[in-house]
Structure formats: C-alpha cells, structure tokens
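Engineer: In the working numbering, the protein residues as written are 386 to 541.
#1: Where does residue 497 sit, in a helix, a strand or coil, going by DSSP?
#2: State the DSSP-derived secondary structure class of residue 491, mapped to helix, strand or coil.
#3: So residue 399 is in the alpha helix (DSSP H); what residue range does that whole segment cover?
#4: Using three-state DSSP, classify residue 515 as helix, strand or coil.
#5: Does DSSP put residue 434 in a helix, in a strand, or in coil?
#6: Give a yes or no on whether the C-beta atoms belonging to residue 431 and residue 452 are separated by under 7 Å.
#7: List the DSSP bridge partners of residue 508.
#8: Considering just the uninterrupted stretch of the beta strand (DSSP E) at residue 445, what are its terminal residues?
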C-alpha cells in the first residue's frame, strides 16, 4: 500500500509544526510532490535522501534545500561516475545546477562531501570497524535532519 496525496493533506497540521521535512523515494511520487509543496508553503527546510533512485525525482530538485545522495545516486543524478573526491565535487556541482541549495554526497568509509554554490567542503569519516552498513544512510540523514532542526530553532 502506498501513501496518497489525500493522506499527506490530512497531516498538514504536522507539517506546519515541523522545522525540517526529511523524505526518501520509497513512496508514491505524487504524494511526495504534495508533501514538498505543503512544506514549501509552510516555509520548511526540505531534505531528500534520493533512495532508491528514480528518474522521477529530477522534476522535484529545484524545491529541495538539501539532497543527500550516496555515490551511486549522485552518479545517476549528475551523469558523473564517482571514483574519487574530485569526481564527487564535479557531480555535486552538476546537481547544484538543478536548483538544490546544498548537496551532501555520502562516500561511505571516505566520509562525505558538502557542495554549496559558494563552497565545497570534504569531511573525512572517522575510522570505524563496520559490522553491518544497513541503515547507515538512514542514521546519517536522521542525525543531519535533527541538527538542521536545532539550528533553525536557534535562529528564531
């Protein structure tokens, strides 16, 4: 069963109470489009983890504040095969041209790369013994959304 636009609209009050809206692509693209529309209407920060990747997401990118693709998703979005940090920078800059405000490419054990129009910042990963990478992207995005919400609240 897929989330519907009607169900999104029925939850509008929760959107209005939020600081940050984080979504991914394991849902109905029409519902996702409505979710983004309501978020923009309420002046919310819109974050997208473009997983699992689908070409249908490209028309939404200009409404996204922060997108967090992994290397594979960034390659699909940009057309750049990512083999190193320089490739990731190229991919991030191409994705920015779609209207996204910030691109954070997760690079697994190599860390992540933040691309904005004014700067690019490479953040190396901490050394860790990884037992299972399942959920790593979800944990990254959840922590990023929480930090973004705290930062927005501090600015008020």
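Ideal placement from N, C-alpha and C gives every residue a C-beta, glycine not left out.
Structural biologist: Reading it off the structure:
#1: Along the chain shown, one-based indexing puts residue 497 at 112. Correct three-state label for residue 497: strand.
#2: Mapped onto the chain shown, residue 491 falls at position 106. It is a strand residue.
#3: Sequence index remark: in the chain shown, residue 399 carries index 14 (1-based). Segment 397 to 402, the alpha helix (DSSP H) holding residue 399.
#4: Numbered from 1 along the chain shown, position 130 holds the residue referred to as residue 515. Here residue 515 sits in coil by DSSP.
#5: What you label residue 434 is simply residue 49 of the chain shown in a count that begins at 1. In this structure, DSSP gives residue 434 an extended state, which the three-state scheme calls strand.
#6: As a first step, residue 431 must be located in the chain shown, where it is residue number 46. As a first step, residue 452 must be located in the chain shown, where it is residue number 67. No, the Cβ-Cβ distance between residue 431 and residue 452 is not below 7 Å.
#7: In the chain shown, residue 508 corresponds to position 123, counting from 1. Bridge partners of residue 508: 497.
#8: Within the chain shown, the letter at position 60 stands for residue 445. Taken as a continuous stretch (DSSP letters only), residue 445 belongs to no beta strand (DSSP E), as it is neither H nor E.
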